[in-house]
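Undergrad: If you're matching them up, the sequences are chains A and B in order. Residue 3 is where the first sequence starts when you use the working numbering, and the numbers rise one by one after that. Residue 5 is where the second sequence starts when you use the working numbering, and the numbers rise one by one after that. Note that CB positions come from ideal geometry on N, CA and C, so glycine has one too. The structure that follows is given in the form of structure tokens.
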Amino acid sequence: MPTMTMIEAIRDAHDVMMARDDNVVVFGEDVGYFGGVFRCTRGLQQKYGRNRCFDTPINESGIVGTAIGMAAYGLRPCVEIQFADYMYPAYDQLVSEAARIRHRSANDFSAPITVRMPTGGGIFGAQTHSQSPEALFTHVSGLKTVVPSNPYDAKGLLIAAIETDDPVIFLEPKRLYNGPFDGHHERPVVPWAKHPLSEVPEGYYTVPLGSASVRRPGAALTVLAYGTMVYVAEAAAAETGIDAEIIDLRTLLPLDTDTIVASVEKTRRCVIVHEATRTSGFGAELSATVQELCFYHLEAPIIRVTGWDTPYPHAQEWAYFPGPQRVGEAFKRVMEA
Amino acid sequence: MSDHPRLSLRVPEPEFRPGTKPDFSGVNIPRAGSVRRPPVDTAPEEIRDLAYSIIRVLNRDGEAVGPWADSLSGDALQVGLKTMMKVRAYDTRMQMAQRQGKTSFYMQCTGEEAIACAFQTALEPGDMNFPTYRQQGLLIASGYPLVDMMCQIYSNSRDPMKGRQLPVMYSSKAHGFFSISGNLGTQYPQAVGWAMASAIKGDTRVAAGWIGDGSTAESDFHSALVFASTYKAPVILNIVNNQWAISTFQGIARGGSGTFAARGHGFGIPALRVDGNDYLAVYAVAKWAIERARSNLGPTLVEYVTYRAAAHSTSDDPSAYRPKEESEAWPLGDPIERLKNHLIVRKLWSEERHTQALAEVEAEVIAAQKEAESYGTLHSGPKASGRDMFVDVFKDMPPHLRRQRQEAGY
């Protein structure tokens with residue numbers, strides 16, 4: 003089976019869907035001729051023509067707004083916002099429009115669009131190229147939110163997202179584009195080819211939205227993570243020797259509570275890890291959910307390990323990033339409780 | 005399907021891509037000196053033609069000609085030339101420092117030096133720029149210390165931004181330079197707001213907004229123009245059209261409009277289009293627009309026609325999307341060479357003085373770099389502190405941040 007980087011897997015998902023469905027169109031800033039600044043749409047314009055893959059003016063509300071209009075016509079746009087940090091001008095179109103069109107029109111119209119955007123830090127991108135705004139989407143009724151952590155899932159989830167009849171926010175952890183990253187920034191980059199989840203089947207397959215994956219079975223505690231933090235949690239488990247069960251949520255909304263509850267009822271302890279700022283982050287939602295569904299099984303308070311409540315800094319990137327040491331300390335604390 | 009002819013989508017494409025030979029001989033470049041200079045109080049509808057032409061002063065022989073040619077002394081022009089040379093030397097050293105791993109990122113303004121350097125010269129102390137990431141020339145022309153700029157690039161222990169911001173995201177209120185954002189176009193309505201405040205308070209200071217050709221597509225560009233138009237704000241709205249927004253050519257943002265400058269006329273804002281590689285023309289146009297603003301006549305939109313001779317940033321490789329020879333073929337030449345030739349023609353400069361000046365600016369930049377590096381670079385030596393990450397989120401640190409700072413070990 004061929005191995006792919008996350009970039010190649012995402013490119014391949016576009017290719018598969020553009021070949022299967024003439025209604026799939028792909029556009030965004032630098033997405034056409036050049037193939038995107040991270041090269042996730044490389045070659046698509048050359049293969050499918052400028053009618054189906056094209057560059058847009060630098061206007062994010064225009065990108066999302068026209069995607070909604072195309073979807074109303076019957077197309078299935080999959081658009082790129084160059085960085086999640088550039089999403090804010092499109093927020094009105096996402097929140098007030100895409101998320102609510104089905105509901106407000108009593109199912110007369112809908113917005114089956116996929117909005118892809120690179121998310122997260124670890125690349126010295128500072129405050130305008132590092133943010134993790136997932137909670138800004140999960141808080142909105144009507145948007146589905148997906149965060150893949152590896153090439154296999156990225157392709158399967160993106161195909162599933164494009165086929166979804168509702169708007170999907172597809173957040174791509176940019177630090178994972180070229181290899182898994184466990185937070186040990188001082189070590190050489192590990193290429194995807196050495197990781198089993200870089201084996202990506204050719205052609206069409208899906209990873210359904212709303213299903214989490216147990217990435218490391220364990221008995222001592224449950225870790226709820228997604229994106230880059232899955233690898234950080236794996237490193238923390240290896241380094242502390244604590245038998246953590248690591249769940250890669252993959253889809254934040256709809257959330258796979260069955261997998262979460264089964265794990266926490268087994269381990270009776272829970273650590274939540276995300277890179278985004280803590281206050282009102284998605285970890286708060288996860289913590290509340292575990293408390294509501296598993297309270298009588300818990301033997302320790304739930305702990306969150308997150309980015310600090312500050313803008314994402316440049317020089318202090320690794321002081322901000324929740325790395326394996328901070329996550330490992332949380333493991334120990336939750337075991338001692 | 006009905007009997008109507010079938011519709012089709014137009015997606016603009018640049019004339020030249022890698023593998024084709026760039027040829028700009030068909031581009032209409034007005035002769036230097038051929039564009040009229042209207043009084044600053046002219047009604048916008050009477051100068052619509054200026055939004056479609058190019059104001060130029062320096063001709064092919066290096067002479068300054070025409071109605072826009074009168075404005076600067078020989079001494080001032082020598083200073084202008086040396087400032088542009090300093091900007092280029094600074095860019096070269098910082099680009100190299102990034103390649104050497106001393107910082108994460110850098111952005112040069114190669115080929116665009118005349119725009120910021122000449123514009124800054126036309127402003128007065130107290131005026132405020134709202135720049136993009138490619139206006140380092142404003143800071144250097146205003147006398148901001150190179151060492152401080154470099155400390156920002158290195159995110160080191162003397163970084164005025166305390167290690168928080170991406171390299172080139174400077175800020176200096178004292179030098180009339182508003183804090184740079186990595187998000188595009190956001191500064192444009194802010195410039196209008198600053199100018200409105202100056203008018204509200206009966207002040208005499210004016211503001212200048214800066215934006216690139218690509219970012220004029222952002223909604224914030226249009227927000228700025230409508231507010232500037234409604235309130236006749238004392239603001240100069242500058243568009244630096246350097247032809248390329250990363251891989252996207254200017255035609256994607258310009259669309260069916262003849263020029264970027266012409267966008268002003270939809271809002272009743274007078275608009276000028278100027279040769280951005282002509283230091284004298286940039287200065288004269290800047291002076292005209294600033295005088296208009298200062299005379300309470302309202303905003304001016306100015307499009308500087310130039311070319312981004314280098315990559316968008318250290319993360320970009322332009323050979324993937326435009327011919328390598330395009331920069332050389334670009335018909336408006338190099339701003340430093342053109343001003344140098346002008347001064348030589350006027351016998352105010354010589355090849356020897358140029359070589360000497362080059363050595364001087366390089367020595368100045370190298371000395372500044374040595375000092376800046378003694379305060380650390382991104383990956384070695386003294387650093388901006390992790391403690392600083394928690395400062396300035398709010399004026400007073402709320403308890404939850406105090407707790408987090410403690411948890412982080414600072």
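1. Alpha carbon to alpha carbon, how far is V239 of chain B from I59 of chain B?
2. If you follow the beta strand (DSSP E) that C272 of chain A is in, where does it begin and where does it stop?
3. Quick test of your reading: A214 of chain A and A246 of chain A, contact by CB under 8 Å. State the CB separation rounded to the nearest angstrom.
4. Figure out for me which residue from B:V196, B:D217, B:T136, B:Q82 has the closest Cα to the Cα of K183 of chain B.
5. Taking Cβ-Cβ distances shorter than 7 Å, what residues in chain B pair up with V39 of chain A?
6. R342 of chain B: which of B:E329, B:F123, B:H358 sits nearest, CA to CA?
7. If you compare alpha carbons, which of B:N160, B:G302, B:V244, B:L336 is closest to A376 of chain B?
8. Should M153 of chain B be flagged as near chain A, meaning a C-beta pair shorter than 7 Å?
9. Give a yes or no on whether 7 Å exceeds the smallest Cβ distance from R52 of chain A to chain B.
10. Kindly indicate the opening and closing residues of the alpha helix (DSSP H) around W292 of chain B.
11. Quick check: the region 282-295 of chain B against the region 73-90 of chain B, are at least 3 beta-carbon pairs closer than 8 Å?
12. Mind pulling the chain A residues with CB within less than 7 Å of G167 of chain B?
13. If you drop the 5 nearest sequence neighbours on each side, which residues of the same chain put their C-beta closer than 8 Å to that of N25 of chain A?
14. In three-state DSSP terms, what is W320 of chain A?
15. Work out the CA separation of Q194 of chain B and H226 of chain B for me, nearest whole Å.
16. So, with DSSP's three-state summary, where would you put M19 of chain A?
17. If we ignore side chains and look at the alpha-carbon of each, how far apart do L62 of chain B and N53 of chain A end up?
18. Using a C-beta cutoff of 7 Å, does P326 of chain A count as contacting chain B?
19. In whole angstroms, what is the alpha-carbon distance linking L145 of chain A and G67 of chain A?
20. Going along chain B in order, which residues have a C-beta closer than 8 Å to the C-beta of Q129 of chain A?
21. So, using beta-carbon positions, are N61 of chain A and A36 of chain B closer together than 7 Å?
22. So, does the region 287-306 of chain B touch the region 203-210 of chain B, judging by three or more C-beta pairs under 8 Å?
23. Hey, does G78 of chain B have any beta-carbon neighbour from chain A nearer than 7 Å?
24. Could you tell me how far apart the beta carbons of G167 of chain B and H187 of chain A are, in whole angstroms, since I believe they sit closer than 8 Å?
25. Does chain B have any CB closer than 7 Å to the CB of I164 of chain A?
26. On the DSSP letters alone, give me the boundaries of the alpha helix (DSSP H) that I248 of chain A sits inside.
27. Along chain A, which residues have their Cβ under 9 Å away from the Cβ of H404 of chain B?
28. First and last residue of the beta strand (DSSP E) that includes I243 of chain B?
29. Measuring straight from C-alpha to C-alpha, what distance separates R97 of chain B and A371 of chain B?
30. Taking 8 Å as the cut-off, does the region 344-353 of chain B touch the region 42-59 of chain B (at least 3 CB pairs, one atom from each stretch)?
31. Look at the Cβ atom of A264 of chain A, then the Cβ atom of A302 of chain A, and state whether they are nearer than 7 Å.
32. At a CB distance below 8 Å, what residues from the region 24-56 of chain B approach chain A? Give them in sequence order.
33. Bridge partners of G309 of chain A, per DSSP?
34. Counting only runs that start and end within the region 52-87 of chain A, where is the beta strand (DSSP E) found for 3 or more residues in a row?
35. Out of curiosity, what's the CA-to-CA distance linking H250 of chain A and L188 of chain B?
36. If you measure from the beta carbon of M132 of chain B to each beta carbon in chain A, is any gap under 7 Å?
TA: In this structure, then:
1. Distance between the alpha carbons of V239 of chain B and I59 of chain B: 20 Å.
2. Its beta strand (DSSP E) spans residues 272-279.
3. About 15 Å separates the CB atoms of A214 of chain A and A246 of chain A; that is not less than 8 Å, and the two are not in contact.
4. Residue identity check: residue 183 of chain B is Ser in the sequence provided, not Lys. In terms of Cα proximity to S183 of chain B, the closest of B:V196, B:D217, B:T136, B:Q82 is B:T136.
5. Residues of chain B with a Cβ closer than 7 Å to the Cβ of V39 of chain A are, in chain order, I250.
6. The closest CA to that of R342 of chain B, considering only B:E329, B:F123, B:H358, is found on B:H358.
7. Ranking the options by Cα distance to A376 of chain B, first place goes to B:N160.
8. Not a single C-beta of chain A is nearer than 7 Å to the C-beta of M153 of chain B.
9. So yes, R52 of chain A belongs to the interface.
10. First-last of the alpha helix (DSSP H) with W292 of chain B: 283-298.
11. Verdict: yes, contact present.
12. P315, H316, A317, Q318, listed in chain order.
13. Closer than 8 Å at Cβ, skipping near neighbours: G76, L77, R78.
14. Correct three-state label for W320 of chain A: helix.
15. If you take the alpha carbons of H226 of chain B and Q194 of chain B, they lie about 12 Å apart.
16. Helix at M19 of chain A.
17. Straight-line spacing of the CA atoms in L62 of chain B and N53 of chain A works out to 43 Å.
18. No, P326 of chain A lies away from the interface with chain B (no Cβ there is under 7 Å from its Cβ).
19. Each residue's alpha carbon lies about 15 Å from the other.
20. At a C-beta separation below 8 Å, Q129 of chain A has these neighbours in chain B: R168, Q169, L170, G186.
21. No Cβ-Cβ contact shorter than 7 Å links N61 of chain A with A36 of chain B.
22. Yes, they touch.
23. G78 of chain B does not count as touching chain A.
24. Contact flag wrong, Cβ pair sits at about 16 Å.
25. Taking a beta-carbon distance threshold of 7 Å, I164 of chain A does not count as an interface residue toward chain B.
26. For I248 of chain A, there is no enclosing alpha helix (DSSP H); the enclosing beta strand (DSSP E) has its first and last residue at 246-250.
27. From the beta-carbon of H404 of chain B, the residues of chain A found nearer than 9 Å are R280, T281, D311.
28. Where I243 of chain B is concerned, the enclosing beta strand (DSSP E) stretches over 239-245.
29. C-alpha separation (whole angstroms): 11 Å.
30. In this structure the region 42-59 of chain B does not touch the region 344-353 of chain B; the number of beta carbon pairs closer than 8 Å is below three.
31. Not a contact, by the Cβ cut-off of 7 Å.
32. Here the close residues number zero.
33. In DSSP, G309 of chain A forms a bridge with A:T279.
34. The qualifying runs are 55-57, 78-82.
35. Looking at the sequence itself, residue 250 of chain A is Asp, so the reference to His does not match. Computed Cα separation, rounded: 34 Å.
36. For M132 of chain B, the answer is no, since every Cβ of chain A falls outside 7 Å of its Cβ.
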